[in-house]
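**Student:** Chains as they are written, first to last, in our numbering: chain A, 253 to 415; chain B, 114 to 459.
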Amino acid sequence: MTIPIRLTLNGHSQDIVLDDPRITLLDLLRERLDLTGAKKGCDRGQCGACTVIVDGRRINACLALAASLDGADILTIEGLAEGDALHPVQQAFLNHDGFQCGFCTPGQIMSAVGLIREGQAGTDPERIREGMSGNLCRCGAYAGILEAVREAALAPGRSEDAA
Amino acid sequence: MNLFEYTRATSLGEAVAAAQKPGAAYLAGGTNLLDLMKGGIAAPAHLVDITRLPGLSAIERLPDGGTRIGALVRNSDLANDPDFAETYPMVAEALLSGASAQLRNAATAGGNLLQRTRCEYFYDPASPCNKRAPGAGCAAIGAATRIHAVQGWSEHCIATNPSDFCVPLAALSAIVEIAGPQGSRTVPLTAFHCLPGAQPERETALGAGELITALVLPPEAAAFARNARYLKVRDRTSYAFAVVSAAAALTLDAGRIVEGRLALGGIALKPWRVAEAEAALAGRRPTPETYAAAARLALAGAEPTGAANAFKVELARRVAARALALAAAGTPARMPALPASPFGLA
Chain A
253 MTIPIRLTLN GHSQDIVLDD PRITLLDLLR ERLDLTGAKK GCDRGQCGAC
303 TVIVDGRRIN ACLALAASLD GADILTIEGL AEGDALHPVQ QAFLNHDGFQ
353 CGFCTPGQIM SAVGLIREGQ AGTDPERIRE GMSGNLCRCG AYAGILEAVR
403 EAALAPGRSE DAA
Chain B
114 MNLFEYTRAT SLGEAVAAAQ KPGAAYLAGG TNLLDLMKGG IAAPAHLVDI
164 TRLPGLSAIE RLPDGGTRIG ALVRNSDLAN DPDFAETYPM VAEALLSGAS
214 AQLRNAATAG GNLLQRTRCE YFYDPASPCN KRAPGAGCAA IGAATRIHAV
264 QGWSEHCIAT NPSDFCVPLA ALSAIVEIAG PQGSRTVPLT AFHCLPGAQP
314 ERETALGAGE LITALVLPPE AAAFARNARY LKVRDRTSYA FAVVSAAAAL
364 TLDAGRIVEG RLALGGIALK PWRVAEAEAA LAGRRPTPET YAAAARLALA
414 GAEPTGAANA FKVELARRVA ARALALAAAG TPARMPALPA SPFGLA
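See below:
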């Protein structure tokens, strides 16, 4: 059984034929479209390393079937920078050492973009920690991540470019 | 994950017809179902994708003052709807205390009612489980039972329902709208989830091929807006299932409780609401003694399944009493930074 879908992927429309209904959005991105920024950590919706933004909302790509996303607008870490100009959240993670090994970082950054866009946390450290609790960091870089999100939340024009 | 046939339904009738196939399951947010399929716990032969069904994604205020929540409304959209959160604050607080932001963005209102227990032995295909394989036995009994039941369990199953959302919904007497091959019907939320008894494999009131289309909060549910809280004790302050939780709501007049609502989570296979406990609130002064009396009645007959969860009986009494005290103190003007947490209370 093949399932044709059309996605807008980082701003570009793409027709895809799925040859297996089990393909998750995460596997589609990583294994078929060569977009390996979103990481497969737990593959069970627990770690947040696969976070991407679908139709403006951050979700776990490992728990979404690609077949169900026909017509969706998807933003991954690869679509965040404009050329060589980093997105303010990316720059803030650099400024504050918001990572150590880097494995969880694409998910952290996409989650932060989603959080800022949702507009519920502002710069309140407690609300940011709560809003980022779906992204685990085994290196424990949480202090830097928190500062990065606080700085990015204050950046002008920071989230309008999120799909 | 097993191979399955995939159908994207475009109407309710089409969905119900497609779900007549043997081994069919409905797919909405998928946050629990895909996890179960990856673990080999669920293996539907046919997935009927209902995410495109029209008319199931709205939050509507009804002419009678009630509210209808479409089954496909995302948890985050419901919790962050300003009118909904103001009218039913403990429902919003419960939603925001559950899972992570990513999961709340995907998970639906209807799916929340259908999430399976988080019993570790249910999730482990190597452990016998009467839910997964009726008659196989229960590996949880006598084992690590920190998250297991102290009310309503049986010798066949001691699992709990993990939902936060369902706890305040039960307290507010929500109604579940159901569609299926025989047409549509409604079931009170408090009668939707089954206690395990001798048939733990039977989990909800849904019949074969039926699906949830909406949840309805009756008009009187809005009366509790100013004095309603959800309190959740868990092993981490965020992104953890409840060890014990309570939804408490009051109406107050001239220093007396007019009506009280109380439901507990994490202690049974369904949200635990006890009429006697609520009756003990009506007409009383809002004092610690009143709350303690109601909490005692809510836990009447409670029995731990072993030493590992004996603490939950007293913990549940205290959480219930404290939730009532918090409700009496008033709904916070703004959602607490840590929803439903006993820490940093607003």
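Here a beta-carbon is modelled for each residue, glycine too, at the ideal position from N, C-alpha and C.
If you're wondering where the values come from, they're calculated on a predicted model, not measured in any experiment.
Looking at C-alpha atoms only, which residue of B:Ala362, B:Glu416, B:Ala272 and B:Pro176 is the closest neighbour of Pro309 of chain B?
**Tutor:** Ranking the options by Cα distance to Pro309 of chain B, first place goes to B:Ala272.
**Student:** Here's the rule I'm using: 16 or more other beta-carbon atoms within 10 Å means buried, otherwise exposed. How should Cys353 of chain A be labelled?
**Tutor:** Answer is exposed; the Cβ neighbour count stays below 16.
**Student:** May I ask you to report which of helix, strand or coil DSSP gives Tyr343 of chain B?
**Tutor:** Tyr343 of chain B: strand per DSSP, three-state reduction.
**Student:** Who does Arg174 of chain B pair with in a DSSP beta bridge?
**Tutor:** Paired residues: B:Thr180.
**Student:** Which two residues bound the contiguous alpha helix (DSSP H) that contains Asp307 of chain A?
**Tutor:** Note, Asp307 of chain A: premise wrong, no alpha helix (DSSP H); not H, not E.
**Student:** Which residues share a DSSP beta bridge with Thr299 of chain B?
**Tutor:** Looking at the DSSP assignment, Thr299 of chain B forms a beta bridge with B:Glu290.
**Student:** Given this structure, state the Cα-to-Cα distance separating Glu283 of chain A from Glu334 of chain A, to the nearest angstrom.
**Tutor:** Taking the straight line from one Cα to the other gives about 24 Å.
**Student:** So which residues of chain B does Arg284 of chain A contact, with C-beta pairs closer than 9 Å?
**Tutor:** Under the 9 Å cutoff, chain B gives no residues; its nearest Cβ is about 17 Å from Arg284 of chain A.
**Student:** Please state whether DSSP places Ile397 of chain A in a helix, a strand or coil.
**Tutor:** Helix at Ile397 of chain A.
**Student:** From the DSSP secondary-structure annotation, give me the bridge partner or partners of His264 of chain A.
**Tutor:** According to DSSP, His264 of chain A bridges with A:Leu261.
**Student:** Would you list the residues sitting across from Gly373 of chain B in a DSSP beta bridge?
**Tutor:** For Gly373 of chain B, which the question treats as bridged, DSSP gives the partners B:Leu363.
**Student:** Check whether the Cβ of Arg379 of chain A lies closer than 9 Å to any Cβ atom in chain B.
**Tutor:** It does; some Cβ of chain B falls within 9 Å.
**Student:** Can you tell me which residues form a DSSP beta bridge with Tyr404 of chain B?
**Tutor:** Answer is none; Tyr404 of chain B lacks a bridge partner.
**Student:** In the DSSP output, what is Val329 of chain B paired with across the bridge?
**Tutor:** Answer by DSSP bridge pairing, in chain order: B:Arg181 and B:Ile288.
**Student:** Taking DSSP's pairing of strands, which residues face Glu118 of chain B in a bridge?
**Tutor:** According to DSSP, which records beta bridges pairwise, Glu118 of chain B is partnered with B:His159.
**Student:** Would you say Ala450 of chain B reaches chain A, if we count a Cβ-Cβ gap shorter than 9 Å as a contact?
**Tutor:** Answer yes: the Cβ-Cβ gap between Ala450 of chain B and chain A drops below 9 Å somewhere.
**Student:** Using only CA atoms, which one of B:Thr299, B:Ala219 and B:Arg431 lies nearest to Val356 of chain B?
**Tutor:** Among B:Thr299, B:Ala219 and B:Arg431, the Cα nearest to that of Val356 of chain B belongs to B:Arg431.
**Student:** Nearest by alpha-carbon distance to Thr221 of chain B: which of B:Leu428, B:Ala171 and B:Met150 is it?
**Tutor:** Minimum Cα distance to Thr221 of chain B is reached at B:Ala171.
**Student:** Give the interface partners of Gly143 of chain B over in chain A, defined as CB-CB distance under 9 Å, in chain order.
**Tutor:** What Gly143 of chain B touches in chain A: Leu315, Ala316, Leu317 and Ser320.
**Student:** Measure from the C-beta of Lys151 of chain B to each C-beta in chain A and report whether the shortest distance is under 9 Å.
**Tutor:** Output row for Lys151 of chain B: interface = yes.
**Student:** Helix or strand or just coil, what does DSSP make of Arg397 of chain B?
**Tutor:** Residue state, collapsed to three classes: coil.
**Student:** Exposed or buried, His264 of chain A, counting other C-beta atoms within 10 Å across all chains shown (16 or more means buried)?
**Tutor:** By the 10 Å Cβ count, His264 of chain A comes out exposed.
**Student:** Would you say the beta carbon of Leu285 of chain B comes nearer than 8 Å to a heavy atom of the ligand NAP?
**Tutor:** For the ligand NAP, the structure offers nothing, since it holds no ligand at all.
**Student:** Could you name the residues that DSSP lists as bridge partners for Val357 of chain B?
**Tutor:** Answer is B:Val346.
**Student:** Determine the burial state of Cys356 of chain A: buried for a count of at least 16 other Cβ atoms within 10 Å of its Cβ, exposed for fewer.
**Tutor:** So Cys356 of chain A counts as buried.
**Student:** Specify, as a first and last residue, the run of the beta strand (DSSP E) that Gly325 of chain A falls within.
**Tutor:** Before going further, note that residue 325 of chain A is Asp rather than Gly in the sequence given. Looking at the DSSP string, the run of the beta strand (DSSP E) that includes Asp325 of chain A is Asp325 to Leu327.
**Student:** Along the chain, where does the alpha helix (DSSP H) that runs through Leu437 of chain B open and close?
**Tutor:** Phe424 to Ala442 is the extent of the alpha helix (DSSP H) around Leu437 of chain B.
**Student:** So Ala131 of chain B and Thr120 of chain B are in contact, right, with Cβ under 8 Å, and what is the actual spacing, rounded?
**Tutor:** Confirmed, about 5 Å.
**Student:** Beta strand (DSSP E) containing Leu140 of chain B: first to last residue?
**Tutor:** Run containing Leu140 of chain B: Ala137 to Leu140, per the beta strand (DSSP E) assignment.
**Student:** I'd like the list of long-range same chain contacts for Leu428 of chain B, defined as Cβ closer than 8 Å, with 5 residues on each side in sequence excluded.
**Tutor:** Hits under 8 Å: Val346, Val356 and Val357.
**Student:** What residues of chain A sit near Glu118 of chain B, judged by a beta carbon separation below 8 Å?
**Tutor:** What Glu118 of chain B touches in chain A: Met253 and Pro273.
**Student:** From the DSSP output, in three-state form, read off Ile361 of chain A for me.
**Tutor:** Correct three-state label for Ile361 of chain A: helix.
**Student:** Could you name the residues of the same chain whose beta carbon sits closer than 8 Å to that of Ala434 of chain B, not counting the 5 residues immediately before and after it, in chain order?
**Tutor:** Excluding residues within five positions, the ones whose Cβ falls inside 8 Å are Pro401, Tyr404, Ala405, Ala407 and Ala408.
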